[in-house]
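Going by my numbering, the residue at position 47 of the sequence shown is 73; the numbering climbs one at a time, nothing skipped.
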Amino acid sequence: MSATTPASTPLVQAHDLAKTFDVSAPWLNRVLEGKPRTLLHAVDGVSFDIEKGKTLALVGESGCGKSTVARLLVGLYEPTRGGLTFDGQDAHAAFKGSNAKAMRRRIQMIFQDPYASLNPRWLVEDIIGEPLKEHGLITDKAQLKERVGELLQSVGLSPLDMVKYPHQFSGGQRQRISIARALATEPEFLVCDEPTSALDVSVQAQVLNIMKDLQRQRHLTYLFISHNLAVVRHVSDQVGVMYLGRLVELADKHTLFDTPRHPYTVMLLDAIPKMHDTGKARTPVQGEVPNPLNPPPGCAFNPRCPHVNERCRTERPQLLTLGGIRIACHAVEEGRI
Ligand SMILES: Nc1ncnc2c1ncn2[C@@H]1O[C@H](COP(=O)(O)OP(=O)(O)OP(=O)(O)O)[C@@H](O)[C@H]1O
Ligand SMILES: [Mg+2]
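Now the structure itself:
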């Protein structure tokens, strides 16, 4: 933490983050067919804080904007609106400035697919060593090998693995290689986009436990994206539920799982098998996410909500702080549920 930041300031502060994609037809078609521009609001005003050493999980159905948030946080996308304060600094200004490398070194990302994210033609040694060279952290060859060996060990692999190619590893091992590479620059903040979703269930737990151990040892801060609520329950401190580009509920893990408030959170939780199953039938998630190009007016969840009323159909609920959580729901605000 820099000298200027008071100890109580969260390491990560996203404020009103928004990303709009222009998905219009090509210009000529638009002119000939008289069509207007089409904008897709993938992320529309997302704010959260993450304390150093903690994990915020983001959940929500496919297309709700989780990966777009991840890409905004690591600077792969420029926000359309809002921003990210990292350790007291404007991260997107830093990403564009002369200190871009310093900021990139501190914020790293782990992707879902360890098959696609590792270059199949490179030795593991080069894959993990690349960020060390890129950031000028180690130039000496022998030191580089030693450091790569240490990084492999830190994720439960052997230094002998550095002379192999990605295809010589299982999915879980490859994801460990991705983690070792992400750790090479000694980042403080890791953005993990469905890091275990491509893995067998038995392997998922191993990788998640390694990530938790690394977090404890290195005091890492995580944003952890998953659509699997059992995984989220295992890894998170706070949970943010997203729906169509916005946060609808943000609470600490125990509160969210024990007393979900938003009807959408309730629906997601009803769909997962209970640890101590009471024999009550699970309720599958009902209905479909609306087309993001043509979201419903008012609350975006209103067409699927059992508590909908006229206000919900017309007025968009704001994310309010109510009873220690943050929630965007008229029914909760009015005490109807
Ligand atoms: N580069 C892009 N150009 C246009 N639209 C995009 C782009 N990236 C994402 N989108 C759209 O933005 C919305 C959010 O996508 P995003 O990938 O962030 O969702 P997600 O929550 O990560 O979904 P999933 O669970 O399937 O990974 C979707 O409607 C998607 O089609
Ligand atoms: Mg995604």
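The C-beta atom is built at its ideal place from N, Cα and C for all residues, glycine as well.
Contact set for Pro321: own chain, Cβ-Cβ below 7 angstroms, skip 5 residues either direction: Leu270
Can you round the beta-carbon distance between Leu40 and Val72 to whole angstroms, since I take them to be within the 8 angstroms contact cut? Leu is not the amino acid found at residue 40; the sequence shown has Ala there. That pair is a contact at about 6 angstroms.
Residue range of the unbroken alpha helix (DSSP H) whose run includes Asp284: 279–284
Is the separation between the beta-carbon of Val189 and that of Glu156 shorter than 8 angstroms? no
Indicate, with yes or no, if ligand 2 has a heavy atom lying under 7 angstroms from the CB of Lys45. no
Should Leu66 be listed as close to ligand 1, given that the test is whether its C-beta is under 7 angstroms from any heavy atom? yes
Any heavy atom of ligand 2 within a distance shorter than 7 angstroms of the CB on Asp219? yes
Would you check whether ligand 2 has a heavy atom nearer than 7 angstroms to the C-beta of Lys92? yes
Since I believe Phe112 is in contact with Leu37 (beta carbons under 8 angstroms), could you give me their beta-carbon distance rounded to a whole number of angstroms? 7 angstroms
Taking Cys338 as part of the alpha helix (DSSP H), name the residues at either end of that continuous run. 336–340
Using a Cβ-Cβ cutoff of less than 8 angstroms, which residues in the same chain neighbour Leu345 once the five nearest sequence positions on both sides are dropped? Ser73, Arg272, Leu273, Val274, Leu276, Arg352, Ile353, Ala354
Can you say whether Glu341 is buried or exposed, counting buried as having 16 or more other CB atoms within 10 angstroms of its CB? exposed
Proximity to Asp226 [Cα-Cα], best of Asp139, Leu65, Gln264, Arg308: Asp139
Which residue comes first and which comes last in the alpha helix (DSSP H) that contains Thr94? 92–99
Between Val49 and Leu58, what straight-line distance do the alpha-carbon atoms span, to the nearest angstrom? 17 angstroms
Determine which residues share a DSSP beta bridge with Ile298 and list them. Answer is none; Ile298 lacks a bridge partner.
Cβ atoms of Pro213 and Arg131: under 8 angstroms apart, would you say? yes
Thinking Met268 and Lys92 are a contact (beta carbons under 8 angstroms), I'd like their distance in whole angstroms, please. 6 angstroms
Below 7 angstroms, is the gap between the Cβ of Ser88 and the nearest heavy atom of ligand 1? yes
Mapping DSSP to helix, strand and coil, what is Glu275? strand
Secondary structure of Met27, DSSP reduced to three states: Residue confidence is low: Met27 scores 47 on pLDDT, short of 50, so the model does not pin down where it sits. Its coordinate-derived value is still stated next. Residue state, collapsed to three classes: coil.
Find the nearest neighbour of Asp103 within the set Val261, Arg147, Phe47, judged by alpha-carbon distance. Here the sequence assigns Tyr to residue 103, which means Asp is not the residue at that position. When only C-alpha atoms are compared, the closest one is Phe47.
Counting along the chain, where does the alpha helix (DSSP H) carrying Phe327 start and finish? Taken as a continuous stretch (DSSP letters only), Phe327 belongs to no alpha helix (DSSP H), as it is neither H nor E.
Alpha helix (DSSP H) segment containing Met237, residue limits: 227–244
What would DSSP say about Arg130, mapped onto helix, strand or coil? helix
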